[in-house]
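Novice: The numbering of the sequence shown is the working numbering, which starts it at 29 and goes up by one. Pasting a structure here, questions to come.
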Amino acid sequence: MEDLERLVAGRLRALDDAAPSPELHERLMSRVNHQVKTRRRRRRIAQAAAGLSLVAAAAVVTPLALDSGASSPSDPSMLAASERPGPLHERGSAPSGPGGGPSGSARPGTAGGVPRDLPSGKILNAFGVTSDGAVLGTGVGPKGRSDGVLWRADVSGLLAVPSPVAEPKGLYAASGSRNMTIWAERRGGAYELMCRSGEGEAVQLGSGGVARRGGVGVGFHADRDVAVWTDKAEGTVWTAHGCDGVPEPLTLGYAAGFAYPYAYVLSTDGRGRPTGEVQRVQVETGTQETRELPRTHLAKDVLYTAGAGTFSVADGRSLTVYDAETWQASQLPEPLPTGDSASLTAGDGLVVYSTHGQDADKALIYETGSGQTRVHDGEAYAKGEWLLTRDDEAYRLTSAP
Numbered sequence: 029m030e031d032l033e034r035l036v037a038g039r040l041r042a043l044d045d046a047a048p049s050p051e052l053h054e055r056l057m058s059r060v061n062h063q064v065k066t067r068r069r070r071r072r073i074a075q076a077a078a079g080l081s082l083v084a085a086a087a088v089v090t091p092l093a094l095d096s097g098a099s100s101p102s103d104p105s106m107l108a109a110s111e112r113p114g115p116l117h118e119r120g121s122a123p124s125g126p127g128g129g130p131s132g133s134a135r136p137g138t139a140g141g142v143p144r145d146l147p148s149g150k151i152l153n154a155f156g157v158t159s160d161g162a163v164l165g166t167g168v169g170p171k172g173r174s175d176g177v178l179w180r181a182d183v184s185g186l187l188a189v190p191s192p193v194a195e196p197k198g199l200y201a202a203s204g205s206r207n208m209t210i211w212a213e214r215r216g217g218a219y220e221l222m223c224r225s226g227e228g229e230a231v232q233l234g235s236g237g238v239a240r241r242g243g244v245g246v247g248f249h250a251d252r253d254v255a256v257w258t259d260k261a262e263g264t265v266w267t268a269h270g271c272d273g274v275p276e277p278l279t280l281g282y283a284a285g286f287a288y289p290y291a292y293v294l295s296t297d298g299r300g301r302p303t304g305e306v307q308r309v310q311v312e313t314g315t316q317e318t319r320e321l322p323r324t325h326l327a328k329d330v331l332y333t334a335g336a337g338t339f340s341v342a343d344g345r346s347l348t349v350y351d352a353e354t355w356q357a358s359q360l361p362e363p364l365p366t367g368d369s370a371s372l373t374a375g376d377g378l379v380v381y382s383t384h385g386q387d388a389d390k391a392l393i394y395e396t397g398s399g400q401t402r403v404h405d406g407e408a409y410a411k412g413e414w415l416l417t418r419d420d421e422a423y424r425l426t427s428a429p
C-alpha cells in the first residue's frame, strides 16, 4: 500500500509540479482503493485467462505503460463496422503532428493511459469510444483470434486498466455510456441485447433479438445511459433508460444512429427494405420528424452514424453530412480512404470515416463547425466530446474541437 501511495503522489506532482495537499491525497487514495476493489471483483469474469490475477494486480500497482510497442493485427470479421479497434495511449496529450487528428485537451486533473496488453495475453482492440470517454473492446491475438472477452477501460480512473465486463458468445460489437455497457450475445440461433450497469449482473433487454443490416450495422446504440436498438422479430425500434429500465417501443424500422435525445430510424417496407424515409425520433417524448434520403444512400453496405446535430452517410466513395435541423446536405469533396473494411462514427462537431486493412489504416476527420478535413495515419473514432486516434501503435484520447 505504501508503494501505491508513492505512485499516487508522484502522479500528482507530475500533474501540478507541487506536493499534493493532505485532503487531495486522501481523496484520491480513497478513489484508488475503490478502483482496486472493483477490479478484483471483475477479475472473476476472466479467470479462464492464464495469469489474469497476477497481471491485473501488477497493472494496478506499477506505473502505467503508455505504449507497449507491440504489433496490432486485427480481423475485421470480429470487429464492429461502426465502432472499431485499437489500443489506448493517453488522455490530455499534446496535439498530434502533421496528418494527425484535431488537437484538444482533456479535463483538468486527469492523467495516464490504458496499457494495450491484456491479462488474457491478447492485445486490446477497441470497438470505439463511449460518450463519457470509456473504451470498449476485445482482445485479439497475432492470428486474429479473439479472447472472447468484452473489456472496458474507464480512462477517467487515475490508474485505469482494462477490466473484463463479460464473455459473450459471438461478440462483434459493444456500446455504452457512463453507467451502462450493452452488447449483442449469441443465444441459440439469434443475438440478444445484453446490458450491465456498474457491478450489477448482466440482464437482457427486450425479447425480440437484435437486428443487423447488411452485416455492417450493429443495430444498437447507447448514449446518456439510454439504449436504442432494433429487434429482429418485428422490426421495431425500442428504447430503455438504464439496464433496469422497461423497454418501450419507439417506431417501426431500423435504428441507423442515435445521439441523445434523437434516434434516426430508417423506415422499411414489408420485406425490411428501406423506403428512403428517415424518422428523427425524440426518445423522451416520442415526437417524430420525417426526412428523406436518396436511393444511393440506401444500399446494404452503406454506413450511418449520428452526432450532435448531424446525421451522416458513407457509401464507400463519398461522405455526406446532413444538418439534423435543416436536412441540408454537405458532401465532402475529398475521396474517402480505402481499405478492407470501414467504420463511421460521429461526436460533438466531428464526423470520422476510418478504414482498416492489412497494409495501413487511415481516417478522414471532418470538423462540422469549420468544414475542415484532415487525413490521419491510423484509425480514429468519435463519440460525444471525445476523439480517439491511433498513432503508430498507441491510441490518444482528446477532446473534440
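All C-beta atoms in this analysis are idealised placements derived from N, C-alpha and C, irrespective of residue type, glycine included. Here the structure is a predicted model, which means the values were calculated and not measured.
Could you tell me the alpha carbon to alpha carbon distance between D368 and G344, rounded to whole angstroms?
Specialist: 11 angstroms
Novice: Quick check: K197 and E220, are their CB atoms within less than 8 angstroms of each other?
Specialist: no
Novice: Which residue comes first and which comes last in the beta strand (DSSP E) that contains E227?
Specialist: Here E227 belongs to no beta strand (DSSP E), and DSSP marks it neither H nor E.
Novice: Give a yes or no on contact between the stretch 361-380 and the stretch 326-344, applying the rule of three or more CB pairs nearer than 8 angstroms.
Specialist: yes
Novice: For L364, tell me which candidate among T338, S382, G169 has the shortest Cα-Cα distance.
Specialist: Of T338, S382, G169, the residue nearest in Cα terms is S382.
Novice: By the 10 Å Cβ neighbour count, where 16 or more other Cβ atoms means buried, how is T267 classified, buried or exposed?
Specialist: buried
Novice: Helix or strand or just coil, what does DSSP make of R214?
Specialist: strand
Novice: Is the beta carbon of S159 sitting closer than 8 angstroms to the one on K411?
Specialist: In contact: S159 and K411 (Cβ atoms closer than 8 angstroms).
Novice: Taking its Cβ as the centre, do 16 or more other Cβ atoms sit within 10 Å of A388, making it buried, or is it exposed?
Specialist: exposed
Novice: Can you tell me which residues form a DSSP beta bridge with N496?
Specialist: Here the chain comprises residues numbered 29 to 429, so residue 496 is not present and cannot be evaluated.
Novice: I need the DSSP call for R418, collapsed to helix, strand or coil.
Specialist: strand
Novice: Just tell me which of V189, V349, Q310, G167 has its CA closest to the CA of V265.
Specialist: Q310
Novice: Here's the rule I'm using: 16 or more other beta-carbon atoms within 10 Å means buried, otherwise exposed. How should T324 be labelled?
Specialist: exposed
Novice: What's the gap between the Cα of A255 and the Cα of H249?
Specialist: So the two alpha carbons sit approximately 6 angstroms from each other.
Novice: Applying the criterion that 16 or more other CB atoms from any shown protein chain within 10 Å of the CB defines a buried residue, is T209 buried or exposed?
Specialist: buried
Novice: Suppose you measure from the CA of L199 to the CA of Q356; what does that come to, to the nearest Å?
Specialist: 37 angstroms
Novice: Since D351 is in the beta strand (DSSP E), which residue starts that stretch and which ends it?
Specialist: 347-351
Novice: Take T258 as the anchor and find which of S295, G273, E413, E227 has the nearest alpha-carbon.
Specialist: S295
Novice: Measuring alpha carbon to alpha carbon, tell me which of R308, H384, A408 ends up nearest I393.
Specialist: A408
Novice: Using the rule of at least 16 other Cβ atoms within 10 Å of the residue's Cβ for burial, across every protein chain shown, is G140 buried or exposed?
Specialist: Low confidence applies here, because G140 scores a pLDDT of 38, under 50, leaving its location unreliable; read the following figure in that light. With 16 or more other Cβ atoms within 10 Å, it is buried.
Novice: Going by other Cβ atoms of all chains shown within 10 Å of its Cβ, with 16 needed for buried, is V379 buried or exposed?
Specialist: Buried is the call here.
Novice: Does the beta-carbon of S398 have 16 or more other beta-carbons within 10 angstroms, so that it is buried, or is it exposed?
Specialist: exposed
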